[in-house]
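Here the structure comes first, spelled out in C-alpha cells, and everything after it is commentary.
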Amino acid sequence: MEYYLIIARSITYAQRMSRVLERIGIRAQIFRAPVGLTDRGCSYALRLRTEHLAPALRALHEAGLNPIQVFLFQQGEYHELEPR
1 MEYYLIIARS ITYAQRMSRV LERIGIRAQI FRAPVGLTDR GCSYALRLRT
51 EHLAPALRAL HEAGLNPIQV FLFQQGEYHE LEPR
C-alpha cells in the first residue's frame, strides 16, 4: 500500500492542516511521526492517499501552512520527497 506522510511541526499545526484539508473534502489521519523519520523531536504526520497529495499541498500552501517534510510510504519504507 502506498500513501504519503506530510510532517507538521506540532499537533496543533497538524490539526490546522487537517481542518484545511477537510474543507476541500480530503480526510487525513493525524498521528505521531515515526521515530527517526525526522530530526525534529515531537513532530506529527498527516497520512494521505496518493491521489490527494497534489491538491492537499496546494490547499495547505494557499492557507499559509507549510509542511516540514513529505514522505512516500511504500512497502515498509519511507522515501523523502524533494520540495517543489
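The numbering of the sequence shown is full-length UniProt numbering, which starts it at 1 and goes up by one. Using N, Cα and C, we set each Cβ at its ideal position, and we do this for glycine too. Predicted model only: the values in this text are computed from it and were never measured.
In the same chain as P67, and ignoring 5 residues on each side of it, the C-beta atoms closer than 7 Å to its own belong to I6, I7, A8 and L60, in chain order.
Shortest Cα-Cα distance from R27 to any of S10, A14, G64 and A63 involves A14.
In the structure shown, V35 adopts coil according to DSSP, grouped into three states. Taking 8 Å as the upper bound for CB-CB distance, Q29 and L46 are in contact here, some 7 Å apart. With distances taken between CA atoms, L65 lies nearest to T12 out of T12, C42, L72 and V35.
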